[in-house]
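Novice: First the structure, which I've put down as structure tokens, then a few questions once you've had a look.
Numbering (the working numbering), first residue to last: 3 to 413.
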């Protein structure tokens, strides 16, 4: 082959390789441009693990008639457990739809780091999953999301959380009061921050019932199915905060069959933050509501028990008509990474069976955090919860305690 022929072949190969490289660069550039426009999604998560020593008491009922077993004695249930509470991972992001409107989204799932599956033997549990639009006018989302009343204790301006023992054994506010709901079929509007610290949230929850009553074989209506219009459930909140304080009020109507009003407040004095929550709740429209299991409670007790379950006249019912409760707490930034916390909680719940007295709950928890940085900490806490109800059920109050050390980090 002549020199000119060889040079022609080499030049042809160079052009071919150059075209391939340029094509690859164009493809990568186009993909990056598309992601820059669409808003590359962010993977995030949280791992919350506690090693807990539980010392629990349960009422010794008569096997023949549980509600008449007022023996005055309790069974001890002591156990050590590793628990994952509130652990999660998700994907979220946003992108510009126009010069003045953004699209945003979140797909979040709960995970159990301790054994890989939750109480329903599932690896993943749906948490907040939604999509929406935002602009200078605020934002609107649709999907599954925490209710405005539930998120009332977190303030977007001060970036604070009144649920200081969130996800801790016997310390989370869900241990003491109802209202920690994450409903489906939510359409929610959130205002922009106004007047330097005002935020409004309004959510409409769709019941999606048929409107046709369900009857049993005797012709009795077992379900009215009347939550079939727009916003069969409603939740709203308003908060206002400045540099060292904030206050807020939230209202639920027919959220998980509950009506509730909650007020919160917090102020800061030097290194100390002091906060409080008050709530009054009742079953919607004189109906019957049911308390869920404690937010964090060791599963080996039979799973998802709560303070009312032994005191409402039906040992497995947890049915209530009214509830009043309050929580006061404080945290003190001692020095450097150390943070001390204390909380007192009290609630009184009226069972559906009004022949039984109210169930009174009182809890105290203290804790100490060591913060490596804003996204990682280790902590320890000790909680004690005493519950007392009608003497016809038991002449002795029950006391549950939980001692925990834990790890909490976000990514």
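By construction, the Cβ of each residue, glycine as well, lies at the ideal position given by its N, Cα and C atoms.
(1) Would you call the region 354 to 362 and the region 190 to 204 touching, i.e. three or more CB-CB distances under 8 Å?
(2) Given a cut-off of 8 Å, decide if residue 90 and residue 48 are closer than it, judged by their beta-carbon atoms.
(3) Mapping DSSP to helix, strand and coil, what is residue 152?
(4) Once you ignore the five residues that flank residue 86 on each side, which residues in its own chain have a CB closer than 7 Å to its CB?
(5) For the beta strand (DSSP E) holding residue 282, just list the boundary residues, first then last.
(6) Look at the alpha carbon of residue 182 and the alpha carbon of residue 404, and state the distance between them as a whole number of angstroms.
(7) Using CA coordinates, which residue listed in 336, 257, 397, 282 is at the minimum distance from residue 351?
(8) Tell me which same chain residues have a C-beta within less than 8 Å of the C-beta of residue 416, skipping the five on either side of it?
(9) Whole angstroms are fine: how far does the CA of residue 240 sit from the CA of residue 32?
(10) Specify whether the region 372 to 391 and the region 167 to 184 touch according to this definition: at least 3 beta carbon pairs, one from each stretch, less than 8 Å apart.
(11) Quick one: which unbroken beta strand (DSSP E) runs of 3-plus residues sit fully inside the region 330 to 361? Chain order, please.
(12) Quick check on residue 176: does DSSP put it in helix, strand or coil?
(13) If you compare alpha carbons, which of 395, 356, 412 is closest to residue 378?
(14) Alpha carbon to alpha carbon, how far is residue 136 from residue 176?
(15) Roughly how many angstroms lie between the CA atoms of residue 364 and residue 353, to the nearest whole one?
(16) Taking residue 412 as part of the beta strand (DSSP E), name the residues at either end of that continuous run.
(17) Would you decide whether residue 214 is buried or exposed? Buried here means 16 or more other CB atoms lie within 10 Å of its CB.
(18) How far does the beta strand (DSSP E) with residue 90 in it reach, from first residue to last?
(19) How long is the line joining the alpha carbons of residue 203 and residue 78, rounded to whole angstroms?
(20) Within a Cβ cutoff of 6 Å, which residues of the same chain sit near residue 245, ignoring the five residues on either side of it in sequence?
(21) Measuring alpha carbon to alpha carbon, tell me which residue in 112, 162, 118 is nearest residue 376.
(22) Taking residue 235 and residue 252 to be in contact with their CB atoms under 8 Å, please state how far apart those CB atoms are, rounded to whole angstroms.
(23) Tell me, please, which residues DSSP counts as bridged to residue 373.
(24) Determine whether the Cβ of residue 356 lies closer than 8 Å to any Cβ atom of chain B.
(25) Identify every residue that forms a DSSP beta bridge with residue 269.
Specialist: Inspection of the coordinates gives the following:
(1) no
(2) Translated into the one-based positions of the chain shown, residue 48 becomes position 46. Translated into the one-based positions of the chain shown, residue 90 becomes position 88. Contact: yes.
(3) Counting from one through the chain shown, the residue named residue 152 turns up at place 150. DSSP places residue 152 in helix when its eight states are reduced to three.
(4) Locating residue 86 in the chain shown gives position 84, counting from the first residue. The answer, listed in chain order, is 50, 51, 114, 115, 116.
(5) Taking the first residue of the chain shown as position 1, residue 282 is located at position 280. Residue 282 -> beta strand (DSSP E) spans 274 to 285.
(6) Here the question's residue 182 lines up with position 180 in the chain shown. Here the question's residue 404 lines up with position 402 in the chain shown. Computed Cα separation, rounded: 21 Å.
(7) Within the chain shown, residue 351 is the residue found at index 349, counting from 1. Nearest option by C-alpha distance: 282.
(8) Any answer about residue 416 is impossible in this case: the structure gives the chain only from 3 up to 413.
(9) Residue numbering aside, residue 32 sits at position 30 when the chain shown is read from its first letter. Residue numbering aside, residue 240 sits at position 238 when the chain shown is read from its first letter. Low local confidence applies: a pLDDT of 46 at residue 32 is under 50, so the model's placement there is unreliable, with the coordinate-based value given in what follows. If I take the Cα positions, the gap works out to 44 Å.
(10) yes
(11) 340 to 353
(12) Working through the chain shown from its first residue, we reach residue 176 at position 174. Note: residue 176 maps to helix in three-state DSSP.
(13) Translated into positions along the chain shown, residue 378 becomes position 376. For residue 378, the nearest C-alpha among the options comes from 412.
(14) In the chain shown, residue 136 corresponds to position 134, counting from 1. In the chain shown, residue 176 corresponds to position 174, counting from 1. Looking at the two C-alpha atoms, the distance is approximately 31 Å.
(15) Translated into the one-based positions of the chain shown, residue 364 becomes position 362. Translated into the one-based positions of the chain shown, residue 353 becomes position 351. Going from the Cα of residue 364 to the Cα of residue 353 covers about 17 Å.
(16) For this step, residue 412 is matched to residue 410 along the chain shown. Looking at the DSSP string, the run of the beta strand (DSSP E) that includes residue 412 is 400 to 412.
(17) Within the chain shown, numbered from 1, the residue matching residue 214 stands at position 212. Classification of residue 214: exposed, given that the 10 Å Cβ count is below 16.
(18) For the purposes of this step, residue 90 is taken as the residue at position 88 of the chain shown. Counting along the chain, the beta strand (DSSP E) containing residue 90 begins and ends at 90 to 98.
(19) Within the chain shown, residue 203 is the residue found at index 201, counting from 1. Within the chain shown, residue 78 is the residue found at index 76, counting from 1. Distance between the alpha carbons of residue 203 and residue 78: 45 Å.
(20) Within the chain shown, residue 245 is the residue found at index 243, counting from 1. Closer than 6 Å at Cβ, skipping near neighbours: no residue.
(21) As a working note, residue 376 is residue 374 in the chain shown. It is 162 whose Cα lies nearest to the Cα of residue 376.
(22) The residue given as residue 235 occupies position 233 in the chain shown. The residue given as residue 252 occupies position 250 in the chain shown. The pair is not a contact, with the Cβ atoms about 14 Å apart (cut-off 8 Å).
(23) Looking up residue 373 in the chain shown gives position 371. 379, per the DSSP bridge assignment.
(24) You won't find chain B in this structure, because it holds only one protein chain.
(25) Numbered from 1 along the chain shown, position 267 holds the residue referred to as residue 269. Answer is 247, 276.
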